[in-house]
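Colleague:
Residue numbers (this note's numbering): 396 to 747.
#1: Rounding to the nearest angstrom, what Cα-Cα distance links residue 609 and residue 510 in this structure?
#2: Taking the runs of the alpha helix (DSSP H) that are 4 residues or longer, which of them lie wholly in the segment 592–665?
#3: Please return the same chain residues whose Cβ sits closer than 7 angstroms to the Cβ of residue 733, not counting the five positions on each side in sequence.
#4: Is the Cβ-Cβ distance between residue 539 and residue 529 less than 8 angstroms?
#5: Find the nearest neighbour of residue 519 within the set 730, 584, 557 and 447, judged by alpha-carbon distance.
#6: Please state the DSSP three-state secondary structure of residue 550.
#7: How long is the line joining the alpha carbons of residue 508 and residue 495, rounded to whole angstroms?
#8: With DSSP as the reference, identify every bridge partner of residue 542, one or two as the case may be.
#9: At the level of alpha carbons, what is the spacing between residue 593 and residue 746?
#10: Which stretch, first to last residue, makes up the alpha helix (DSSP H) that contains residue 493?
#11: Hey, how far is the Cα of residue 672 from the Cα of residue 664?
#12: Alpha carbons only, please: which of 715, 737, 572 and 524 is nearest the one belonging to residue 653?
#13: Within 10 Å of its beta-carbon, does residue 470 have 16 or more other beta-carbons around it, so buried, or fewer, so exposed?
#14: Determine the burial state of residue 414: buried for a count of at least 16 other Cβ atoms within 10 Å of its Cβ, exposed for fewer.
#15: Within the same chain, show all residues whose beta-carbon is closer than 7 angstroms to that of residue 729, passing over the 5 residues directly before and after it, in chain order.
#16: Can you grab the Cα-Cα spacing for the pair residue 751 / residue 617, in whole Å?
#17: Would you please state the rounded distance, in angstroms, between the beta carbons of residue 634 and residue 461? I believe it to be under 8 angstroms.
#18: Roughly how many angstroms separate the alpha carbons of residue 463 and residue 479, rounded to a whole number?
#19: Look at the Cβ atom of residue 639, then the Cβ atom of residue 578, and state whether they are nearer than 8 angstroms.
#20: May I ask you to report which of helix, strand or coil DSSP gives residue 445?
#21: Can you tell me whether DSSP reads residue 744 as helix, strand or coil?
#22: With distances taken Cα to Cα, identify the nearest neighbour of residue 405 among 624, 497, 551 and 582.
#23: Along the alpha helix (DSSP H) that carries residue 579, what are the first and last residues, could you check?
#24: Does the beta carbon of residue 718 fall short of 7 angstroms from some heavy atom of the ligand MN?
#25: Using only CA atoms, which one of 741, 448, 398 and 407 lies nearest to residue 598?
#26: Measuring CB to CB, does residue 426 end up less than 8 angstroms from residue 475?
#27: Could you please give the first and the last residue of the uninterrupted alpha helix (DSSP H) stretch that includes residue 526?
#28: Return the CA-CA distance between residue 668 and residue 543, expressed in angstroms with no decimal places.
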């Protein structure tokens with residue numbers, strides 16, 4: 396278990412002390428955030444704030460995880476390698492988007508279709524590879540069965556699994572991207588979900604069929620190592636949050652939001668708790684639904700709106716709520732959602 400503590404601590408230190416260095420580099424290059432004209436007027440003061448901070452989150456997560464294995468001598472698992480590849484490639488799509496924004500000095504980077512295609516290619520690759528690489532027990536990183544709070548008996552088949560995971564990755568990465576609209580909001584919410592993954596991974600390892608055989612055991616390929624990587628991601632986000640909290644000295648940009656979304660979806664699918672991510676990422680789901688509701692109601696009602704602005708956090712800004720107030724209250728909502736998710740996970744084990 397010490398590799399969990401080592402990974403989290405190293406990632407936190409790298410992110411905490413590496414972010415100021417990244418801020419200076421980005422500031423010298425002039426890579427400042429471009430604020431959309433139709434957004435809340437209070438956001439225009441943030442124009443020019445360094446962006447692409449997701450670089451340090453990805454770097455700190457990877458280095459923290461790798462050093463923990465180097466120090467403990469534990470082998471690196473295929474499951475985590477696949478999740479790391481997914482996180483890196485989606486982060487690369489986000490980095491390209493951020494780069495186009497700052498280089499062209501406009502609030503639009505990649506076209507939506509281009510971004511979705513990039514996400515789909517890498518998510519599909521992750522899913523296709525994830526149903527291979529069986530271990531000695533015949534377990535692959537991704538299951539061919541539908542997962543809720545654990546694997547169910549409903550077999551989906553390879554093609555459906557690939558399509559389902561692809562949808563899950565694209566949905567989660569874009570949900571984190573939509574949530575990243577206020578200082579520290581997406582970062583803090585991500586920390587809570589990664590912490591839940593640590594608890595779930597450790598529990599699945601302790602109650603795994605290889606360790607504790609029985610009718611109620613879990614058949615997951617690398618749960619403990621996934622908990623180690625989740626700890627590294629939590630540490631990296633926590634260190635970054637020190638500089639990303641209001642007033643933010645740096646933004647994660649699409650580089651960070653797409654990478655974190657990929658990591659969240661990748662860990663959930665390899666821990667075989669795919670549908671549980673709806674609860675564990677409750678805030679991301681709520682904010683995404685606000686955008687969907689706003690868009691379709693606007694079309695169906697002939698131009699009327701449910702919210703003053705979507706995503707939801709901007710609706711409350713226009714109601715006069717302060718940014719810090721919104722972030723803190725939304726963190727409370729995310730904390731309750733994570734508690735609900737963990738409750739569902741453990742209640743199912745007790746019931747069985």
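Here a beta-carbon is modelled for each residue, glycine too, at the ideal position from N, C-alpha and C.
Modeller: Reading from the atomic positions:
#1: Taking the chain shown and counting its residues from 1, the one referred to as residue 609 is at position 214. Taking the chain shown and counting its residues from 1, the one referred to as residue 510 is at position 115. Those two C-alpha atoms are separated by around 45 angstroms.
#2: Whole alpha helix (DSSP H) segments, 4+ residues: 618–639 and 648–665.
#3: In the chain shown, residue 733 corresponds to position 338, counting from 1. These residues qualify, in order along the chain: 587, 588, 591 and 675.
#4: By 1-based counting over the chain shown, the position of residue 539 is 144. By 1-based counting over the chain shown, the position of residue 529 is 134. No, the Cβ-Cβ distance between residue 539 and residue 529 is not below 8 angstroms.
#5: Position 124 of the chain shown, counting from 1, holds the residue named residue 519. Nearest C-alpha to residue 519 among 730, 584, 557 and 447: 557.
#6: Numbered from its first residue, the chain shown carries residue 550 at position 155. In the displayed model, residue 550 falls within a strand according to three-state DSSP.
#7: Counting from 1 along the chain shown, the entry for residue 508 is found at position 113. Counting from 1 along the chain shown, the entry for residue 495 is found at position 100. Cα-Cα distance, rounded: 15 angstroms.
#8: Here residue 542 corresponds to residue number 147 of the chain shown, with the count starting at 1. Bridge partners of residue 542: 546.
#9: Start at 1 with the first residue of the chain shown, and residue 593 comes out as number 198. Start at 1 with the first residue of the chain shown, and residue 746 comes out as number 351. Straight-line Cα distance between these residues: approximately 22 angstroms.
#10: Taking the first residue of the chain shown as 1, we reach residue 493 at position 98. Here the alpha helix (DSSP H) through residue 493 covers 473–499.
#11: Start at 1 with the first residue of the chain shown, and residue 672 comes out as number 277. Start at 1 with the first residue of the chain shown, and residue 664 comes out as number 269. If you take the alpha carbons of residue 672 and residue 664, they lie about 9 angstroms apart.
#12: The sequence position of residue 653 within the chain shown is 258, counting from 1. Checked all of 715, 737, 572 and 524; the closest Cα to residue 653 is 572.
#13: The residue labelled residue 470 in the question sits at position 75 within the chain shown. It is exposed - the Cβ of residue 470 has fewer than 16 other Cβ atoms within 10 Å.
#14: Within the chain shown, the letter at position 19 stands for residue 414. Taking all protein chains shown into account, residue 414 has 16 or more neighbouring C-beta atoms within 10 Å of its C-beta and is therefore buried.
#15: The count along the chain shown starts at 1 and reaches residue 729 at position 334. Closer than 7 angstroms at the Cβ level, and outside the excluded window around residue 729, lie 584, 587, 677 and 678.
#16: Coverage of the chain is limited to positions 396 through 747, which leaves residue 751 absent and any answer about it impossible.
#17: Position 239 of the chain shown, counted from the first residue, corresponds to residue 634. Position 66 of the chain shown, counted from the first residue, corresponds to residue 461. At roughly 17 angstroms, the Cβ-Cβ gap does not stay under 8 angstroms, so residue 634 and residue 461 are not in contact.
#18: Against the chain shown, residue 463 aligns to sequence position 68. Against the chain shown, residue 479 aligns to sequence position 84. Near 15 angstroms, if we compare the C-alpha coordinates of residue 479 and residue 463.
#19: One-based indexing of the chain shown puts residue 639 at position 244. One-based indexing of the chain shown puts residue 578 at position 183. Against a cut-off of 8 angstroms, the Cβ pair of residue 578 and residue 639 comes out as a contact.
#20: Position 50 of the chain shown, counted from the first residue, corresponds to residue 445. In this structure, residue 445 counts as strand in the three-state DSSP scheme.
#21: One-based indexing of the chain shown puts residue 744 at position 349. Note: residue 744 maps to helix in three-state DSSP.
#22: Mapped onto the chain shown, residue 405 falls at position 10. Nearest C-alpha to residue 405: 624.
#23: As a working mapping, residue 579 is identified with position 184 in the chain shown. Looking at the DSSP string, residue 579 is not in any alpha helix (DSSP H), and its letter there is neither H nor E.
#24: By its list of ligands, the structure shown contains no ligand whatsoever, and the ligand MN lies outside what it can speak to.
#25: Within the chain shown, residue 598 is the residue found at index 203, counting from 1. Out of 741, 448, 398 and 407, 741 has the C-alpha closest to the C-alpha of residue 598.
#26: One-based indexing of the chain shown puts residue 426 at position 31. One-based indexing of the chain shown puts residue 475 at position 80. Taking C-beta atoms as the reference points, residue 426 and residue 475 fail to come closer than 8 angstroms.
#27: Taking the chain shown and counting its residues from 1, the one referred to as residue 526 is at position 131. Boundaries cannot be given for residue 526, as no alpha helix (DSSP H) includes it and DSSP labels it neither H nor E.
#28: Taking the first residue of the chain shown as 1, we reach residue 668 at position 273. Taking the first residue of the chain shown as 1, we reach residue 543 at position 148. C-alpha separation (whole angstroms): 5 angstroms.
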